[in-house]
Amino acid sequence: MRNTRPISWIKVARRDFEEFPEEVRDNMLSALTIAAEGSKSDKAKPFKGVDSGVFEIAFRHRGDAFRVIYAVKIGADIWVIHAFQKKSKAGIKTPHMEIDIIRERLKRLKEALQ
């Protein structure tokens, strides 16, 4: 049996995630399960601009881009801190508004778990 870490969600991230198309949710849950088992999915990459240990799962579906941001170095759990449909007009770059949300949620989560 594998030593799987629990996957925990910030409530608003879970609510946003539930609105994704079913195929997107299934693929992202598979990638999160791989992270919980101690590996990294080929769909996940480090998320730059915030703390180390924060990853982004990116999935394209019918011309839309969906993202889930999760942290592996906060407590014992894998923490999903943000889920959003990317609507950037600046190419592949993540919009500043989304990065600000991620930074704020990371800060609050760390404070809450201390």
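Just so we're aligned: the sequence shown equals residues 6 to 119 in the numbering used here.
Glycine included, every Cβ here is placed at the ideal spot set by N, Cα and C.
field: Gly80 versus Arg72 - alpha carbon distance
entry: As a first step, residue 80 is located in the sequence shown; it is residue number 75 there, counting from the start. As a first step, residue 72 is located in the sequence shown; it is residue number 67 there, counting from the start. Roughly 22 Å between the two C-alpha positions.
task: Tell me, please, which residues DSSP counts as bridged to Arg67.
output: What you label residue 67 is simply residue 62 of the sequence shown in a count that begins at 1. Looking at the DSSP assignment, Arg67 forms no beta bridge with any residue, so it has no partner.
field: Test item: CB-CB of His66 and Glu28 under 8 Å
entry: Taking the sequence shown and counting its residues from 1, the one referred to as residue 66 is at position 61. Taking the sequence shown and counting its residues from 1, the one referred to as residue 28 is at position 23. Taking 8 Å as the Cβ cut-off, His66 and Glu28 qualify as a contacting pair.
message: As a quick exercise: from Lys53, Ser57, Leu114, Ala18, pick the residue whose alpha carbon is nearest that of Lys98.
response: Here residue 98 is taken as the residue at index 93 of the sequence shown, counted from 1. For Lys98, the nearest C-alpha among the options comes from Lys53.
message: What does the Cβ neighbour count give for Arg110, buried or exposed, with the cut at 16 atoms within 10 Å?
response: As a working note, residue 110 is residue 105 in the sequence shown. That one is buried.
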